[in-house]
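Trainee: Following the working numbering, the numbering of the sequence shown begins with 13 at its first residue and continues without gaps. Take a look at the following structure, please.
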Amino acid sequence: MRIYYSHAMPIYGTKQERRERLLIEQHFPGHEIVDPGAIQTNPEKRRRGMEYCLELVETCDSVVFTRFLSVITAGVGKEVNHALSKGKLVHELQGVRVVPVTEPVAYLSREETVELYVGLRAA
């Protein structure tokens, strides 16, 4: 079984990402975790971006996602809703809990997400 780990780009390569991956492994032992943060240098991902990630979602059995600063960023929201539209199981990692999600989620626009990330860099 393959789980797509959907999370905001500022989390990539951080302690938070490692902690979240560990929690996913604990909740879903023996599952392969597909992490878009681990393939940032993949030429196909760099060229096709979100389209490539949505295709990766389709190759997985389920999606586990996290919020960033209490919001769902654009890419994560697109991945979650795409997974739901394809009949995939979706869960939200909330602290140490894994909560099933069955309805489409509201998320920031791409512009709002970029603003959020730029604001973080300026801080």
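We put the beta carbon where it would ideally sit given N, CA and C, even for glycine. These figures come from a predicted structure and were not determined experimentally.
Less than 8 Å between the C-beta atoms of I15 and V76, yes or no?
Mentor: Taking the sequence shown and counting its residues from 1, the one referred to as residue 15 is at position 3. Taking the sequence shown and counting its residues from 1, the one referred to as residue 76 is at position 64. Yes, the Cβ-Cβ distance between I15 and V76 is below 8 Å.
Trainee: To the nearest angstrom, how far is the alpha carbon of H43 from that of E37?
Mentor: Against the sequence shown, residue 43 aligns to sequence position 31. Against the sequence shown, residue 37 aligns to sequence position 25. Cα to Cα, the separation comes out at about 7 Å.
Trainee: Return the chain-ordered ranges of every beta strand (DSSP E) run that is complete within the segment 33–113 and spans a minimum of 3 residues.
Mentor: Here the runs fully enclosed are 44–46, 74–77, 101–106, 109–113.
Trainee: Which value, in whole angstroms, describes the spacing of the CA atoms of K98 and E70?
Mentor: Locating residue 98 in the sequence shown gives position 86, where the first residue counts as 1. Locating residue 70 in the sequence shown gives position 58, where the first residue counts as 1. Near 7 Å, if we compare the C-alpha coordinates of E70 and K98.
Trainee: Whose CA, out of T53, P22, M13, S18, lies closest to the CA of G127?
Mentor: Translated into the one-based positions of the sequence shown, residue 127 becomes position 115. First, the amino acid is wrong: residue 127 is Glu here, not Gly. When each option's Cα is compared against that of E127, the closest is P22.
Trainee: Look at L66 and V46 and say whether their C-beta atoms are less than 8 Å apart.
Mentor: Start at 1 with the first residue of the sequence shown, and residue 66 comes out as number 54. Start at 1 with the first residue of the sequence shown, and residue 46 comes out as number 34. No.
Trainee: DSSP three-state call for Y129: helix, strand or coil?
Mentor: Here residue 129 corresponds to residue number 117 of the sequence shown, with the count starting at 1. Here Y129 sits in helix by DSSP.
Trainee: Identify every residue that forms a DSSP beta bridge with I15.
Mentor: The residue you call residue 15 lines up with position 3 of the sequence shown. In DSSP, I15 forms a bridge with I45, S74.
Trainee: Going by CA-CA distance only, name the one from L105, A134, E56, E124 that's closest to E147.
Mentor: A question about residue 147 goes unanswered here, because the residues of the chain that appear run from 13 up to 135.
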